[in-house]
Amino acid sequence: IVPSIPRPTLSLDAPIQPRTYLSPSNTSRKDIPKYFARKAHSQGSIFPDPYCEDEKDELLEENITTTLDSKLKHQIEEKRRRNTLSARKSRQRRIQHLQELERQRDDLQ
Numbered sequence: 001i002v003p004s005i006p007r008p009t010l011s012l013d014a015p016i017q018p019r020t021y022l023s024p025s026n027t028s029r030k031d032i033p034k035y036f037a038r039k040a041h042s043q044g045s046i047f048p049d050p051y052c053e054d055e056k057d058e059l060l061e062e063n064i065t066t067t068l069d070s071k072l073k074h075q076i077e078e079k080r081r082r083n084t085l086s087a088r089k090s091r092q093r094r095i096q097h098l099q100e101l102e103r104q105r106d107d108l109q
């Protein structure tokens with residue numbers, strides 16, 4: 001059994017990296033993340049008030065990208081920040097768990 005070499009992880013207070021993609025990916029193609037698009041559509045807030053229901057349906061069918069208001073942008077950034085921090089914590093817990101298992105294994109040998 002080859003001992004694992006722990007990879008350095010980012011600390012929880014490390015800055016969140018900006019989204020930069022060199023090529024199209026499933027994430028980079030989305031102007032609005034699916035969660036926010038569904039939420040906004042169900043609340044009817046993705047379109048400005050002057051649009052009637054028929055115009056909203058036409059715009060949805062044509063898949064026109066709408067401009068994001070600052071509140072929605074902030075919500076998207078905040079959700080991304082929380083998710084990034086959660087992923088970092090999860091990775092740290094996993095590494096600690098593996099180290100504990102390796103320590104227990106070494107104690108048994």
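Residues 1 to 109, numbered by full-length UniProt numbering, are exactly what the sequence shown covers, in order. All C-beta atoms in this analysis are idealised placements derived from N, C-alpha and C, irrespective of residue type, glycine included. Note that this is a predicted model, so its numbers are computed, not measured.
When the Cα atoms are used, Arg93 and Ser86 turn out to be separated by approximately 11 Å.
Put simply, of Gln99, Pro33, Ser23, Leu12 the residue whose alpha carbon is nearest the alpha carbon of Lys79 is Pro33. Judged by DSSP in its simplified three-state form, Ala37 adopts helix. The criterion of a C-beta distance shorter than 9 Å is not satisfied by Arg88 and Leu22.
Contact between Arg81 and Thr9 fails: their C-beta atoms lie close to 17 Å from each other, not under 8 Å. Residue Phe36 holds the alpha-carbon nearest to the alpha-carbon of Lys71 among Gln104, Glu102, Phe36.
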